[in-house]
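Position one of the sequence shown corresponds to residue 3 (this note's numbering), numbered consecutively onward.
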Amino acid sequence: MSITDVRLAQLHLRLWSPEPGEYHAPAAVVTWNGHLLTCQPTGAPLDPAAAVLCPALARALAGPTRTLPPTPAEPMITALVADYAGATAPLQSEARSVVPEERFLARLNDGCRRCGSWKEADRDGRGRCDTVFCACTRRLLWLADEVCPAGKWAA
Ligand code: SF4
3 MSITDVRLAQ LHLRLWSPEP GEYHAPAAVV TWNGHLLTCQ PTGAPLDPAA AVLCPALARA
63 LAGPTRTLPP TPAEPMITAL VADYAGATAP LQSEARSVVP EERFLARLND GCRRCGSWKE
123 ADRDGRGRCD TVFCACTRRL LWLADEVCPA GKWAA
């Protein structure tokens with residue numbers, strides 16, 4: 003099925019969750035199994051609107067590695083709370099490190115869960131940050147370099 007690069011960026015961010023299958027965007031051909039995304043760049047430039055929406059995708063497609071590794075599925079908040087080590091094990095990478103469980107829980111319990119912008123049930127239980135300070139609603143509370151755009155918790 004053909005999709006736009008913006009749709010590709012939305013899928014990369016898990017803002018769009020289509021039926022599993024192969025999707026052809028101008029910049030990449032992707033295989034989506036409902037949880038994991040594998041991506042084969044076509045070599046065509048990424049639509050600038052998609053690059054703005056998902057800079058990580060733009061960086062990955064521009065990198066020297068032309069076949070991207072599967073993107074780990076974003077865990078649900080309940081899974082992170084129940085088994086932090088298990089839920090974050092697939093997310094460990096050289097590029098972005100995972101914070102200790104205590105820091106994740108402090109961000110969640112002392113920050114987001116006390117914040118009117120937090121919608122924990124949204125995005126199928128992965129949480130949504132609706133703050134006006136940032137257009138991205140996806141807060142990856144387990145990543146070391148993540149910050150609260152409203153300054154309620156630090157990296
Ligand atoms: S503004 Fe900060 S504390 Fe509030 S939901 Fe977003 S990330 Fe969490």
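Every residue gets a Cβ at the ideal spot worked out from N, C-alpha and C, and that includes glycine.
Nearest to residue i by CA position, among the options, is which residue?
i	options	result
Arg105	Lys121, Thr44, Ala156, Arg9	Ala156
Pro28	Cys114, Asp124, Gly118, Gln42	Gln42
Ile5	Tyr25, Val101, Leu82, His14	Tyr25
Val134	Arg128, Gly23, His14, Trp120	Trp120
Thr40	Pro57, Asp132, Ala62, Ala91	Ala62
Residues bridged to residue i by DSSP?
i	result
Gln12	Gln12 pairs with nothing; no bridge assigned.
His26	Ser4, Val31
Trp2	Outside the shown range of the chain (3 to 157) lies residue 2, about which nothing can therefore be said.
Trp120	Cys131
Suppose the cutoff is 6 Å on Cβ atoms and the five residues either side in sequence are ignored; what does the same chain contact list for residue i look like?
i	result
His37	Ala75
Leu82	Ala89
Comparing the C-beta of residue i with each C-beta of chain C, is any distance below 7 Å?
i	result
Leu82	Although the question refers to chain C, the structure presented lacks it and comprises just one protein chain.
What did DSSP end up calling residue i once you bin it into helix, strand or coil?
i	result
Thr40	strand
Val149	coil
Val54	helix
Val100	strand
Pro92	helix
Asp112	helix
Thr80	helix
Ignore the nearest five residues each way along the sequence and tell me which others in residue i's own chain have a CB closer than 7 Å to its CB.
i	result
Arg130	Lys121, Asp124, Thr139
Check your understanding: Just checking, does the stretch 6 to 22 make contact with the stretch 48 to 63 on the three C-beta pairs under 8 Å criterion?
Key -> yes
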